[in-house]
Every structure is written in C-alpha cells, then in structure tokens.
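Q: First the structure, then my questions, so here it is.
Chains as they are written, first to last, in this note's numbering: chain X, 17 to 536; chain V, 48 to 376.
Structure, rendered in structure tokens:
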C-alpha cells in the first residue's frame with residue numbers, strides 16, 4: 017500500500033531522525049513487516065499504533081538492532097546505517113525503553129545504568145565518572161532518582177524512569193518506548209508524559225509504540241498506523257480522531273462504546289465476607305488479599321480494577337477454589353467456603369461457576385492439545401464422556417466445531433493444535449468453553465489481554481449478552497478502559513485491599529486511577 | 048595430655064587446609080559459572096579428568112608443571128563442551144553436566160588402562176614429578192619468642208608453613224574471585240548475565256560470549272583442583288579419586304550463597320569435617336564412644352539440604368541460573 021507524505025518539518029535543513037524505506041522482515045512463512053516506509057521528524061513525539069500482531073514489535077526490534085531487516089534501508093539523522101546489533105543502534109543514538117524493563121533487579125540504579133558502558137575496567141572509576149554525568153543529565157531533564165537504591169525496591173514508575181535515564185546516559189537522542197504505560201497507573205502515566213514532553217523540549221526525538229488510542233491523542237505530534245505487517249497510514253495528530261484511527265487499525269468501522277446498557281440485577285448469588293489470603297511460604301508472611309467484602313448479584317458485571325499485582329489475581333484464585341482463604345468466607349448458595357472448609361476447582365464447577373483464567377497459556381489451555389481437546393478441558397465427562405471412561409472423539413469434534421461457529425474462532429478447525437491459533441482466537445476458545453457451560457457465575461480474568469480490537473469488541477458483546485441472560489460476572493482487568501466499558505459496579509484493589517466499590521455512573525478514569533494508586 | 052590434644056587439634060587444622068584446597072578451587076569455579084547463569088554440576092567430572100591428565104603428563108614427562116598445564120587445558124576443553132551444549136545449543140545444563148561426569152568416570156579409567164596398564168591408575172609419582180611442600184622461613188625465630196613462642200610456633204610450622212604452591216593459589220583464587228566479581232566491569236557484566244541476561248543483551252554486550260568467558264575461567268580453576276589432587280596432595284591418579292569432592296564444593300558454594308568469602312568458610316568447614324572424620328576413625332571418645340565417620344562425612348550434604356529447605360538462612364541463587372538465553376520478542 018502506498019502512502020503519501022505530508023509533513024511540514026523534516027525539510028532540507030533538518031534531516032529526519034529516522035527514515036525507513038522498503039523495510040522487510042519475514043519469519044518463516046509469516047511476513048511480519050512488509051515494505052515499511054516511515055519518516056520521523058527530529059524533535060517530534062511520533063506514535064506508532066496497531067493491534068497485537070500488526071508488526072510494531074518487529075519494526076522496533078529492527079530499529080534497535082535485535083533483528084536485521086531482510087531488505088530496505090534505515091537512515092538515522094540522514095546517515096544510512098546497518099543495525100547489526102544492539103550496540104550498533106546505541107552507537108547510532110537510538111535508545112529503547114522496553115515493555116518489560118531491562119534492569120537487573122538486584123543491582124543498584126547506578127550499576128544498572130552503567131552496565132555495558134562502564135568506560136574503564138575498574139568499577140570504582142566508572143562509577144565516579146557516571147555520577148558526575150548523571151547529575152548533569154538529571155538536572156537537565158528533571159529526572160531525579162536515588163542512584164544507590166536497589167532496583168527491586170522501586171515501584172514500576174520509578175524503574176521506568178531509570179530506563180529512560182539509562183538510555184539518555186548511553187547517548188540516545190532518539191528514544192523508543194514500547195507500550196510504556198501497560199504497567200502504570202493513570203497518574204504514573206501522566207508523570208511519564210510530563211517527562212516525555214520535557215525530553216521533547218530538550219530536542220529528544222521520541223517514538224511511542226502503543227495500542228492505546230488515548231495515549232496517541234494525548235501526546236503525539238504525528239502518528240503512523242500499522243495493520244497486518246504494513247504501514248497503512250501516516251497522520252498528523254491534530255488532523256485525526258480516535259474513531260478514524262481505530263477504523264484504520266482494524267480495517268473496518270468499530271464501535272468503541274455503546275455496547276453497555278443498564279443491567280437488571282436480581283438476587284445475590286455470591287457473597288464475600290472479610291476475605292483474606294496470606295502468602296503460603298513461611299519465610300514470606302506478606303498479606304496478598306485482605307478484608308475483601310462484596311455481594312455479587314445475578315445479572316450484573318462487577319469489574320475489579322487495579323494495577324497488575326495488587327491482589328486481583330489472588331482474589332480470582334480464591335473465588336475459583338484454586339486457593340483456600342486464610343480468613344473470612346465466600347458464600348455461594350448454602351455453601352460457606354472458609355479456611356477450615358476450603359473448596360476446590362471441581363466443587364466450584366459443580367456450584368455452577370465457570371472461570372476464564374488470566375493466563376490462557378499457563379492455565380487456560382494446554383497448548384500442545386488440539387482445539388477440540390482444549391475446548392472440553394474440565395468438562396470432558398459432561399460433553400464427551402463415553403462408556404467406562406472412554407472419550408467420544410467424534411462428539412468432541414462436533415462440540416468444538418459448533419462452538420467455533422458460535423464464537424467465530426478462526427480457522428474453524430477442531431484438530432488444529434491450540435498453540436497455532438492467534439492470541440485472540442485462543443482466548444475465544446477458552447471463553448467459548450466456559451460460557452457454553454452456562455454458569456450462573458462467570459469469573460473472567462483479563463478477558464482481552466493480547467487480543468486484537470475486532471475480537472475485543474466480540475468478546476465484550478458476549479459478556480454483556482451473558483449478563484443479560486442473568487449470569488453474574490466478575491471481571492478482573494488491568495485495562496481500565498475495559499473495566500469502564502463493561503462494568504455495572506467497579507471494585508478497585510490496591511495492595512490486596514479493596515479501595516471501595518464505585519457505581520458506574522460515578523466512575524471515571526481519574527477517580528478510579530486515584531483509587532488504583534491507593535489514594536482515597 | 049593438654050599438649051598432646053593441642054597438637055592433635057593443630058594437625059587437624061593442617062589437614063583441614065589440605066582437604067579444603069580442591070573444594071576452594073572448585074567452589075570458586077562454580078561461582079564464576081553459576082554467577083553467569085550456567086549450572087555447573089560437572090565440577091566433579093572436570094576435576095577427575097584434570098587429575099588424570101596431570102598425573103599422566105607428570106608421569107610421562109617428569110614435570111609437575113606440564114601436568115598442571117595439561118590439566119587446565121583438558122578441564123577448559125570440557126568446560127567449552129559444556130558451554131557448547133548449554134550456551135550455543137541451549138541444552139539442559141544439569142543433563143550436560145551429568146553427562147560430563149559420567150564420561151569422566153569412564154574415560155579416565157579406560158585411557159589410564161590403555162596407557163599404563165595398572166588397572167586404571169597412573170604410576171606413582173616421585174618427589175620431582177610433584178609439587179612439593181614449601182617450608183616458610185622464620186620457623187625458629189617464631190618458636191623462640193617468649194611465652195607465645197611454642198604454641199604460635201606449632202601453628203606456624205604445621206598449619207601455615209609446609210604447603211605446596213597450589214594451596215596458596217587456592218586462597219589467592221578467593222581474593223581474585225572477589226575482586227573480579229565486585230570491583231571490575233567484567234564482574235558487573237558477569238553478575239548481570241546471571242541475573243537478567245536481557246539487560247546485558249540490550250546494553251549491547253554479548254550474553255553468550257560473557258557466559259563462555261565464565262565457563263572458561265571455571266575450567267581453569269577446576270583444572271588446578273584436579274592437578275592438586277594427583278600431583279600435589281597425592282602422588283598419582285587413582286580411579287574415582289575425586290570421590291564426590293566436586294559435589295561437596297557445589298554444596299559449599301550454595302552454602303556460601305555464591306559469595307567468595309562465605310563460600311571459602313563453607314569449604315573450610317567441610318574440609319574440617321573431612322579432616323576430623325579421618326582422625327576419629329576407630330578412636331574411642333569419652334562419653335560418646337566411637338563415632339561413625341560416615342555420619343561426619345554425610346554432614347556437608349545434610350547441612351546443605353537443611354539450608355535449601357530454608358531452615359537456616361536462605362539460599363538465593365542467581366535469578367537466571369539454568370535458563371538458556373534466547374532472544375525472543
């Protein structure tokens with residue numbers, strides 16, 4: 017696809033910070049990047065947006081020397097470069113803040129920053145020189161961190177700041193950030209954006225890779241859209257809208273809202289009372305979940321929001337019977353689940369509760385099983401149980417084929433190995449399995465993690481439809497947008513405790529964000 | 048009676064140092080390898096191979112020094128084999144290490160039999176084919192000091208003096224290991240590679256090359272341990288002469304939490320247990336009677352298991368240990 021360029025800057029005098037022409041990258045039969053052209057103006061904040069699997073990560077990896085392009089040219093500040101390794105990229109002035117931080121947790125900030133760029137063989141001298149330079153950098157960009165603190169003691173927001181400082185110390189004047197806000201609270205995200213604006217003022221060029229439209233609209237000057245391994249559009253931010261970008265990303269119109277309509281909740285089906293969970297290892301006495309109380313009604317969606325790692329996963333495991341509570345109780349019908357009378361996943365299943373686990377690779381599917389086998393995990397007896405414990409394979413295949421039709425799983429081939437489906441389709445398999453059991457309570461963890469926008473829309477509609485049929489749904493998600501889109505009530509968790517339950521009409525990103533950060 | 052007990056104690060200390068030396072070399076080797084993220088269960092096998100190489104070369108050439116150099120070369124070659132399997136081909140590190148141990152056990156006996164026809168042993172090495180003890184000067188001076196002279200003299204002449212060059216090298220290896228790991232750029236990168244290889248890779252430093260360097264150093268140290276056994280402490284190679292010392296060194300390394308000085312102390316403690324086990328054989332102790340030496344010899348393993356189970360302290364291994372590094376995105 018050809019795209020015409022209209023850019024005011026990047027004129028004859030100032031070369032583009034990065035200029036790509038015809039970049040190609042193929043993995044086996046998959047073409048991850050096809051004929052990519054991209055110009056990034058010096059001093060801009062440039063966004064690249066696209067769904068999962070659109071080829072953003074591959075492109076970034078090529079820019080940072082992780083992969084070598086099969087074809088095409090890369091120019092950095094007007095000079096043609098061959099980026100064979102990360103060292104080449106660093107030498108060209110490209111710095112990268114990875115989605116998963118590249119920091120040694122047991123090292124201090126200073127050790128992490130100079131790693132690989134120590135200057136001398138003697139560490140003491142290297143440290144001394146680095147301290148002086150870092151003090152200047154910190155003053156110039158307003159990035160204050162304690163150089164002697166150990167990384168693992170830092171919250172993620174600060175760790176990210178160290179990553180930025182590290183890139184600048186290594187001489188980056190082009191900074192690539194790959195999905196930088198995935199682990200941040202909205203407030204931390206705002207702080208990050210302030211830093212990025214300050215960097216821009218100092219002349220640093222920033223390339224922001226994200227799948228969140230809101231971030232693109234909030235901070236970028238230009239935005240490029242990727243779809244199916246190709247660059248499909250370049251836009252000036254001020255000339256576009258989130259709706260337009262979403263449409264280009266997916267390739268068809270998408271409804272980003274308007275799925276939700278008021279619920280009609282009925283009787284209480286599950287009641288948690290002062291629920292608590294302590295860490296199981298004796299040396300670690302930390303509290304994972306503490307004093308969680310709520311009542312879940314049939315026909316409503318209770319969203320559980322929070323930054324990843326604040327006890328939501330454990331709460332889900334408690335409710336699913338995977339872990340036994342340390343204190344408090346869960347009441348489902350006549351059954352009281354307590355520390356003395358713990359439950360099990362099979363009992364939970366028999367109480368008509370279905371569970372879509374957070375990590376579909378680890379607990380949702382067996383990747384080496386066929387789709388048909390994955391489609392009945394935990395329900396083998398019910399669906400395909402033949403005589404004397406035999407599995408009725410014909411029934412297995414038919415069952416899977418019919419659910420694949422209902423849930424639009426592609427390709428609709430029950431004999432295909434689970435690992436060969438895309439993330440979105442794997443998630444649909446898990447959802448189809450759990451929803452088809454027609455539970456009265458559905459526990460959903462990260463319903464759309466790593467799922468493309470088209471599939472997200474489908475999954476969201478399915479969840480609302482389940483709710484309308486009278487199913488009670490608990491939806492745990494780190495995507496605040498998802499929580500706000502679907503939930504009738506929202507419980508916010510911070511550090512294992514509930515920060516309170518907010519009605520939908522009183523909830524917005526700001527108020528929920530504050531609660532996520534632990535501010536009441 | 049008191050003087051006799053004192054002398055026995057001093058002699059036990061002397062034996063401790065001699066018993067600890069191969070443990071110290073091997074444990075330092077283990078620190079280098081494991082701090083870089085490569086589990087090295089093959090310490091035992093490499094030590095055995097190099098003990099054999101040292102004794103064979105010393106017997107054939109008449110030079111202990113050639114034996115030592117040969118031992119180091121053989122040990123490094125097998126380290127590289129371990130590295131090739133674990134680093135380049137991302138194989139299972141325990142399986143690779145175990146394979147080397149089994150190979151070493153068979154190879155040494157088979158080749159020894161072929162060359163020397165003495166049932167897998169090498170010929171006994173004379174004084175000139177071995178590293179002999181070095182007597183330190185000033186023994187008389189210290190013994191003649193007033194009051195503390197006699198007791199200090201015994202310690203000086205028995206415990207400190209009278210060791211061969213490799214014993215001194217072992218203690219030097221501890222200092223060098225500590226310095227390299229914590230005071231040099233190389234050490235920083237080595238530790239980082241064992242904790243979070245991605246961080247090193249994205250800093251533009253090759254993870255594989257760092258790990259190769261680490262296993263090569265481990266090979267050199269293991270070679271010294273092997274040479275010590277057959278051409279310094281002993282006078283020739285005997286089949287299976289390492290007798291689990293590589294595993295004890297591994298235990299000492301875990302016990303000392305992969306830190307040079309605590310590991311040295313653990314080696315000395317395990318060496319001490321070995322030394323008194325030998326001394327207590329068949330001796331009637333007051334009250335307790337005879338102590339089974341097997342019980343004492345099993346202590347290092349028991350202590351390590353207790354440590355790993357988390358009853359005393361906590362073993363904190365490098366985080367990326369045992370995990371082959373694959374670039375993936």
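Each residue gets a CB set at the ideal place from its N, CA and C atoms; glycine is no exception.
Note that the structure is a prediction, hence the values are computed from the model and not measured.
(1) What residues in the region 248 to 272 of chain V have a beta carbon less than 9 Å from any beta carbon of chain X?
(2) Would you give the residue range spanned by the beta strand (DSSP E) that residue 292 of chain X belongs to?
(3) Looking at chain X, is there any beta carbon in it that lies within less than 9 Å of the beta carbon of residue 374 of chain V?
(4) For residue 372 of chain X, which option in X:489, X:416, X:469 and X:347 has the closest C-alpha, if you only look at C-alpha atoms?
(5) Rounded to a whole number of angstroms, what is the C-alpha to C-alpha distance between residue 373 of chain V and residue 314 of chain X?
(6) Determine the direct distance from the alpha carbon of residue 260 of chain V to that of residue 149 of chain X, and round the result to whole angstroms.
(7) Restricting to Cα atoms, I'd like to know which of V:292, V:79, V:113 and V:57 is closest to residue 304 of chain V.
(8) Return the chain-ordered ranges of every beta strand (DSSP E) run that is complete within the region 427 to 470 of chain X and spans a minimum of 3 residues.
(9) Taking C-beta pairs closer than 7 Å, name the residues in chain V that residue 106 of chain X reaches, listed in chain order.
(10) Is the beta carbon of residue 197 of chain X less than 9 Å from the beta carbon of residue 63 of chain X?
(11) Please classify residue 112 of chain V: does DSSP put it in a helix, a strand, or coil?
(12) Closer than 7 Å by beta-carbon distance: list the chain V residues that pair up with residue 120 of chain X, in chain order.
(13) When you compare the CB positions of residue 147 of chain X and residue 218 of chain X, do they come within less than 9 Å of one another, or not?
(14) Does any residue of chain X bring its CB to less than 9 Å from the CB of residue 233 of chain V?
(15) Tell me the DSSP secondary structure of residue 206 of chain X in three-state form.
(16) Using a Cβ cut-off of 7 Å, pull out every chain X residue sitting near residue 306 of chain V, in sequence order please.
(17) Taking buried to mean at least 16 other C-beta atoms within 10 Å of its own C-beta, is residue 290 of chain X buried or exposed?
(18) Consider the Cβ of residue 229 of chain V: report whether some Cβ of chain X lies at a distance smaller than 9 Å.
(19) For residue 266 of chain X, which beta-bridge partners are listed by DSSP?
(20) Taking only runs that begin and end inside the region 376 to 428 of chain X, name each unbroken alpha helix (DSSP H) of 4 or more residues, in chain order.
(21) According to the neighbour-count rule (16 or more other Cβ atoms, all chains shown, within 10 Å of its Cβ), is residue 210 of chain V buried or exposed?
(22) Of the residues that make up the region 213 to 234 of chain X, which ones have a beta carbon closer than 9 Å to any beta carbon in chain V?
(23) Under a CB-based cut-off of 9 Å, is residue 188 of chain X close to chain V?
(24) Go through its chain and collect everything with a Cβ distance to residue 123 of chain X's Cβ below 8 Å, but skip five positions before and after it.
(25) Are any of the Cβ atoms in chain V nearer than 9 Å to that of residue 327 of chain X?
(26) Near residue 333 of chain X, what residues of its chain come up, given a Cβ to Cβ distance below 7 Å and the 5 sequence neighbours on each side ignored?
(27) Can you have a look at residue 336 of chain V and say buried or exposed, based on whether 16 or more other CB atoms are within 10 angstroms of its CB?
(28) For residue 66 of chain V, which residues of its own chain have a beta-carbon under 6 Å away from its beta-carbon, when the five flanking residues on both sides are left out?
(29) Any C-beta of chain V sitting closer than 9 Å to the C-beta of residue 128 of chain X?
(30) Strictly by DSSP, which residues pair up with residue 488 of chain X?
(31) Looking only at its chain, what residues have a beta carbon closer than 6 Å to the beta carbon of residue 266 of chain X, apart from the 5 residues adjacent to it on each side?
(32) Kindly indicate if chain V contains any beta-carbon less than 9 Å away from that of residue 145 of chain X.
(33) Mind listing the chain V neighbours of residue 136 of chain X? Cutoff is C-beta to C-beta under 8 Å, in chain order.
(34) Among X:483, X:253 and X:327, which one has its Cα closest to the Cα of residue 60 of chain X?
(35) Alpha carbon to alpha carbon, how far is residue 134 of chain V from residue 371 of chain V?
(36) Distance check for residue 290 of chain V and residue 103 of chain V, CA to CA, integer angstroms please.
A: Considering the structure as presented:
(1) Cβ contacts with chain X come from 248, 249, 250, 251, 252 and 253.
(2) In the first chain, the residue the question calls residue 292 of chain X occupies position 276. Segment 284 to 294, the beta strand (DSSP E) holding residue 292 of chain X.
(3) Locating residue 374 of chain V in the second chain gives position 327, counting from the first residue. Yes, contact with chain X.
(4) Walking along the first chain from the start, residue 372 of chain X turns up at place 356. A check of alpha carbon separations from residue 372 of chain X across X:489, X:416, X:469 and X:347 identifies X:489 as the nearest.
(5) One-based indexing of the second chain puts residue 373 of chain V at position 326. One-based indexing of the first chain puts residue 314 of chain X at position 298. Going from the Cα of residue 373 of chain V to the Cα of residue 314 of chain X covers about 47 Å.
(6) Within the first chain, numbered from 1, the residue matching residue 149 of chain X stands at position 133. Within the second chain, numbered from 1, the residue matching residue 260 of chain V stands at position 213. For residue 149 of chain X and residue 260 of chain V, the distance between alpha carbons rounds to 30 Å.
(7) As a first step, residue 304 of chain V must be located in the second chain, where it is residue number 257. Nearest in C-alpha terms to residue 304 of chain V, of all of V:292, V:79, V:113 and V:57, is V:79.
(8) Runs found: 457 to 461.
(9) Indexing the first chain from 1 puts residue 106 of chain X at position 90. Within 7 Å Cβ-Cβ: 251.
(10) The residue labelled residue 197 of chain X in the question sits at position 181 within the first chain. The residue labelled residue 63 of chain X in the question sits at position 47 within the first chain. No, they are not a contact pair.
(11) By one-based count along the second chain, residue 112 of chain V stands at place 65. DSSP places residue 112 of chain V in the helix class (H, G or I) of the three-state scheme.
(12) Locating residue 120 of chain X in the first chain gives position 104, where the first residue counts as 1. The contacting residues are 239, 242, 243 and 246.
(13) Sequence index remark: in the first chain, residue 147 of chain X carries index 131 (1-based). Sequence index remark: in the first chain, residue 218 of chain X carries index 202 (1-based). No; because the gap between Cβ atoms is not below 9 Å, this pair is not in contact.
(14) Within the second chain, numbered from 1, the residue matching residue 233 of chain V stands at position 186. Yes, because at least one Cβ of chain X sits closer than 9 Å to the Cβ of residue 233 of chain V.
(15) Residue 206 of chain X sits at position 190 when you count from the first residue of the first chain. DSSP places residue 206 of chain X within a helical segment (H, G or I) once states are collapsed to three.
(16) As a first step, residue 306 of chain V must be located in the second chain, where it is residue number 259. Within chain X, no residue comes near residue 306 of chain V; the closest Cβ sits about 12 Å away, beyond 7 Å.
(17) Here residue 290 of chain X is taken as the residue at index 274 of the first chain, counted from 1. By the neighbour-count criterion, in which a residue is buried when 16 or more other Cβ atoms sit within 10 angstroms of its Cβ, residue 290 of chain X is exposed.
(18) Taking the first residue of the second chain as position 1, residue 229 of chain V is located at position 182. Output row for residue 229 of chain V: interface = yes.
(19) Within the first chain, the letter at position 250 stands for residue 266 of chain X. Bridge pairing for residue 266 of chain X: absent [DSSP].
(20) With a minimum length of 4 residues, the unbroken runs of alpha helix (DSSP H) contained wholly in the region 376 to 428 of chain X fall at 387 to 390, 396 to 400 and 409 to 422.
(21) Locating residue 210 of chain V in the second chain gives position 163, counting from the first residue. Residue 210 of chain V should be labelled buried.
(22) Within the region 213 to 234 of chain X, no residue qualifies.
(23) Walking along the first chain from the start, residue 188 of chain X turns up at place 172. Closer than 9 Å: no.
(24) Stepping through the first chain from its first residue, residue 123 of chain X is reached at position 107. In chain order, 131, 166 and 167 place their CB closer than 8 Å to the CB of residue 123 of chain X, counting only its own chain and leaving out the 5 sequence neighbours on each side.
(25) Here the question's residue 327 of chain X lines up with position 311 in the first chain. It does not; no Cβ of chain V falls within 9 Å.
(26) Counting from 1 along the first chain, the entry for residue 333 of chain X is found at position 317. Setting aside the 5 residues that flank it on each side, residue 333 of chain X is surrounded in the same chain by 339, each with a C-beta closer than 7 Å to its C-beta; the list follows chain order.
(27) Locating residue 336 of chain V in the second chain gives position 289, counting from the first residue. Residue 336 of chain V comes out exposed.
(28) Position 19 of the second chain, counting from 1, holds the residue named residue 66 of chain V. Only 318, 321 and 322 meet the Cβ criterion.
(29) As a working note, residue 128 of chain X is residue 112 in the first chain. For residue 128 of chain X, at least one C-beta of chain V is nearer than 9 Å to its own C-beta.
(30) For the purposes of this step, residue 488 of chain X is identified with residue 472 of the first chain, where counting begins at 1. DSSP links residue 488 of chain X through a beta bridge to X:457.
(31) By 1-based counting over the first chain, the position of residue 266 of chain X is 250. In the same chain as residue 266 of chain X, and ignoring 5 residues on each side of it, the C-beta atoms closer than 6 Å to its own belong to 469 and 470, in chain order.
(32) Within the first chain, the letter at position 129 stands for residue 145 of chain X. Between residue 145 of chain X and chain V, the shortest Cβ-Cβ separation is not below 9 Å.
(33) On the first chain, residue 136 of chain X is found 120 positions in, with the first residue counted as 1. Within 8 Å Cβ-Cβ: 232.
(34) On the first chain, position 44 is the one that residue 60 of chain X refers to. Ranking the options by Cα distance to residue 60 of chain X, first place goes to X:253.
(35) The residue given as residue 134 of chain V occupies position 87 in the second chain. The residue given as residue 371 of chain V occupies position 324 in the second chain. Cα to Cα, the separation comes out at about 6 Å.
(36) What you label residue 103 of chain V is simply residue 56 of the second chain in a count that begins at 1. What you label residue 290 of chain V is simply residue 243 of the second chain in a count that begins at 1. One C-alpha to the other measures close to 19 Å.
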